[in-house]
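Structure record follows, encoded as structure tokens.
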Amino acid sequence: MVRPLGFLVGLGFIVALLCAIVTTPLTNEPNASHEFHKHPKHLKLASDGLAPHWDKAQLQRGLQVYKEVCSACHSLHLVAFRDIGDLGYTEGQVKTFAKGFQVPSINPDTGEPATRDGLPSDYFPSPYANEVAARAANNNALPPDLSLITKAREGGKDYVYSLLTGFQNPPANLPKELKPGTGLHFNPYFANLNLAMAPPLKDGQVTFADGKPSTVKQMSQDVTAFLVWTAEPKLVKRVWTGWAVFFYLLIFTGLTYMSYRNIWADKKH
Amino acid sequence: MSFPWAKNYEPQQPLMKWLDERLPLPRLVYNAVGAGYPVPRNLNYFWNFGVLAGVALVIQIVTGIVLAMHYAANAGVAFNSVEHIMRDVNAGWLIRYAHMNGASMFFIVVYLHIFRGLYYGSYKAPREMVWLLGVVIFLLMMATAFMGYVLPWGQMSFWGAQVITGFFSAIPAVGEPIRVWLLGGFAPDNAALNRFFSLHYLLPFVIAGVIILHIWALHIPGSSNPTGIEVKDEQDTVPFHPYYTAKDGVGVGVFLLLFAVLTFFSPNLLGHADNYIAANPLSTPAHIVPEWYFWPFYAILRAFTFNFLWIDAKLWGVIAMFAAIALLFFLPWLDSSPVKSSNYRPLNRIFFWILVVDVLILGYCGKSPAEQPYVFLSQVGAIYYFAHFLIILPIISRIERPLPMPNSITESVLAKHADDASAATA
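Chains as they are written, first to last, in my numbering: chain A, -3 to 265; chain B, 488 to 913.
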């Protein structure tokens, strides 16, 4: 019974699929935006690969770029001020840094909304009170939170770096419907080619304490490195823990293999 | 339990004797995975994957229980609670990445276990019940993995839940009410997240229960082996312990090494970037893609693009996807060949390898966007998948002429060693 019934069921699926093949066009609808879209450029960082470390000087510069430029529109709500101790700041410096931010609070006497100086335990405050305010200030686009951005985009850090350095004039042969509308800016690394964010960085915008020239390229690299850290502060620890586990398991596997050979030595199999 | 020459448990110490008379738990273990279980002496490394699947389940349960201590199943805070685990919980990043990649390792191991069963005909009499219970475990695993993927409440979690529960809305008339009932709302939200968490915590223990039945059913006829010839006498077997505990130990070592490489060096390799964006019902991702272990079935679902007869394409896809797994329940009766191992089935071996390539192609199509050539490839791939199990296999199992087989396991082992010896002297 099973075989004849199975045969009929199989035939049913196959005929339905053959009909589907015949009725589905074999060519895709042309998508002009594909040919103008670019794959991200590779960015090499100290935290890459199998022997990573944090370049603390670079992360500090990146934090500065975030604070002086990006934080005007983008929140970083998963990162607390205390976390930047990892970037090589002393406890006192962290306290001073936190104090430089005003965080939402309530007036202890009246209960009215108020603000107070930041503490190390506070998280980076959002530049906008809520999503409506954020959209209203940004031509109806919502600036994404940056905490996880290098993990939350296809291409990761390479994408973020390419986007920051990729603003340019639209190519002359760009079809009319792909040209940036009002308030939009052409960037071939962005999926839709046009995004609401204006080119955020220009040469000399910040002054680095370590004297590095603040070119767009340098600032983009530094802030991307910083955002790799915000996305996964445990990245370096993860890889080095991995090596310890790996060698432990290598010895374990070697020993089990030898005991296996020993136990089976007198048995043909 | 299985063979008359199986060793008997004889407790030596007074305490163990005392325990054996009151609660013979050590006896049970001895007879299940100890020296009391005789196993064919010729098993190759493909027979490691059952034990490895058990190890994977234990890892998932242990890491999962710890995660549940820190995770909050509420749509408002679930996403941030996972990031809290990643950032603030001691070794939380390790537990979470291990659980996330442990699911993938579990599926890799189980797919290889199924591959073994298919190639060596482990599903055939007298082990049909072992196979049927195995398919039940596979289904439970898929349900558990799907619900687990929803818990971080990222974009793919949300939209994956939307798509998968949407399958039920393909059922005529009652589909939409069923979907709403399952979700506890019109779209995935807090009610859905809470019940998925509850079930995701429950199902692994159900899986553990079915695994006990799976092993129980296995121990009645005993393990199969690469020749497919049943055990005839004592010299065909060795006690499970220490012979196969040692061999499985090697497998566990290699498994843990690969698991560690994935977890520590590339933990997000098999994940999707969109799941690091918090769930947003107002923004649909450009490509909704399930986890890799669902890709072949997702390709079959999307291959049906034509309203054939009075059934619309979506319902065809859903029926076909479930049928693709359900047909495995009938496999012991679809394949009527008395020969188990494909080593002695020249015709079946060819079509089996085509099936393996076919499933890999389907997997690639399931990962790719719904455009050409992937739609065409998944349609052809789905045709072969159903044709293989429902048409080709029943036919070749009738017409195939098997290769000459050895008389016993021991004979095949000795023949192999004689070959090796003559090759060495030559």
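Don't be surprised by glycine CBs; every beta carbon is placed ideally from N, CA and C. Predicted model only: the values in this text are computed from it and were never measured.
Restricting to Cα atoms, I'd like to know which of 555(B), 856(B), 850(B) is closest to residue 773(B). When each option's Cα is compared against that of residue 773(B), the closest is 856(B).
With distances taken Cα to Cα, identify the nearest neighbour of residue 171(A) among 189(A), 179(A), 160(A). The residue with the shortest Cα to Cα distance from residue 171(A) is 189(A).
Where residue 776(B) falls: helix, strand or coil (DSSP): DSSP places residue 776(B) in coil when its eight states are reduced to three.
Is the distance from the Cβ of residue 38(A) to the Cβ of residue 184(A) below 8 angstroms? No, the pair does not count as a contact, with Cβ atoms beyond the cut-off.
May I ask which residues mark the beginning and end of the beta strand (DSSP E) holding residue 726(B)? For residue 726(B), the enclosing beta strand (DSSP E) begins and ends at 724 to 726.
Give me, in chain order, the residues of the same chain whose beta-carbon lies closer than 7 angstroms to that of residue 555(B); leave out the 5 immediate sequence neighbours on both sides. Residues 688 of the same chain have their beta carbon placed closer than 7 angstroms to that of residue 555(B), with the five preceding and five following residues left out of the count.
Taking the beta strand (DSSP E) that residue 693(B) belongs to, which residues open and close that run? Taken as a continuous stretch (DSSP letters only), residue 693(B) belongs to no beta strand (DSSP E), being part of the alpha helix (DSSP H) at 677 to 706.
Pick from 86(A), 136(A), 242(A), 61(A) that is closest to residue 223(A), judged by C-alpha positions: For the set 86(A), 136(A), 242(A), 61(A), the Cα lying nearest the Cα of residue 223(A) is the one of 61(A).
Measuring only between beta-carbons, confirm whether residue 229(A) sits less than 8 angstroms from chain B. For residue 229(A), the answer is yes, since a Cβ of chain B falls inside 8 angstroms of its Cβ.
Does residue 781(B) pass the burial test, meaning 16 or more other C-beta atoms within 10 Å, or should it be called exposed? Under this definition residue 781(B) is a buried residue.
Residues in its own chain within less than 8 angstroms of residue 656(B) by CB, not counting five upstream and five downstream? Excluding residues within five positions, the ones whose Cβ falls inside 8 angstroms are 662, 663, 665, 666.
Interface residues of chain B around residue 259(A) at Cβ under 7 angstroms? Neighbours of residue 259(A) on chain B, chain order: 729, 730, 733.
Give me the chain A residues within the contact set of residue 904(B), using Cβ-Cβ distance strictly less than 7 angstroms, ordered along the chain. Chain A residues near residue 904(B): 264.
Length of the line joining the Cα atoms of residue 816(B) and residue 186(A): Spanning the two alpha carbons is a distance of roughly 47 angstroms.
Compute the distance between the beta-carbons of residue 54(A) and residue 218(A), then report whether it is under 8 angstroms. In contact: residue 54(A) and residue 218(A) (Cβ atoms closer than 8 angstroms).
Residue 790(B) touches chain A at which residues, Cβ-Cβ below 8 angstroms? Simply 13, 16.
Should residue 850(B) and residue 691(B) be called a contact, given that it needs their Cβ atoms to be closer than 8 angstroms? Residue 691(B) is positioned such that its CB atom lies no closer than 8 angstroms to that of residue 850(B).
DSSP bridge partner residues for residue 177(A) (one or two, in chain order): The bridge partners DSSP lists for residue 177(A) come to none.
Using a Cβ-Cβ cutoff of 9 angstroms, what residues of the stretch 544 to 555 of chain B are near chain A? List them in chain order. Here the close residues number zero.
For residue 100(A), the three-state DSSP class (helix, strand or coil): Residue 100(A) falls in the strand class under three-state DSSP.
Around the C-beta of residue 249(A), are 16 or more other C-beta atoms found within 10 angstroms, so that it is buried, or is it exposed? Residue 249(A) should be labelled buried.
So is residue 169(A) in contact with chain B if we call contact Cβ pairs under 8 angstroms? No, its Cβ sits nowhere closer than 8 angstroms to a Cβ of chain B.
Could you tell me whether the Cβ atoms of residue 811(B) and residue 853(B) are closer together than 8 angstroms? At least 8 angstroms separates the beta-carbon of residue 811(B) from that of residue 853(B).
Give me the chain A residues within the contact set of residue 657(B), using Cβ-Cβ distance strictly less than 8 angstroms, ordered along the chain. Taking a Cβ-Cβ cut-off of 8 angstroms, residue 657(B) has no neighbours in chain A, whose nearest Cβ is about 14 angstroms from it.
With a threshold of 8 angstroms between beta carbons, is residue 266(A) in contact with chain B? Past the edges of chain A, shown from -3 to 265, lies residue 266(A), and the structure says nothing about it.
Beta-carbon of residue 881(B) versus every beta-carbon of chain A: anything under 8 angstroms? Output row for residue 881(B): interface = yes.
Spatial neighbours of residue 166(A) in its chain, beta-carbon cut-off 7 angstroms, leaving aside the 5 residues before and after: Leaving aside the five residues that flank residue 166(A) on each side, the residues in its chain whose CB is nearer than 7 angstroms to its CB run, in chain order, 175, 176, 182.
How many angstroms separate the CA atom of residue 503(B) from the CA atom of residue 509(B)? C-alpha separation (whole angstroms): 10 angstroms.
Scan the stretch 732 to 756 of chain B for residues whose Cβ lies nearer than 8 angstroms to a Cβ of chain A and list them as they occur along the chain. For chain A, the residues of the stretch 732 to 756 of chain B that bring a beta carbon within less than 8 angstroms of one of its beta carbons are 733, 734, 736, 737, 739, 740, 741, 743, 744, 747, 748, 750, 751, 752, 754, 755, in chain order.
Name the one or two DSSP bridge partners that residue 205(A) has. Note: residue 205(A) sits in no beta bridge, so no partner.
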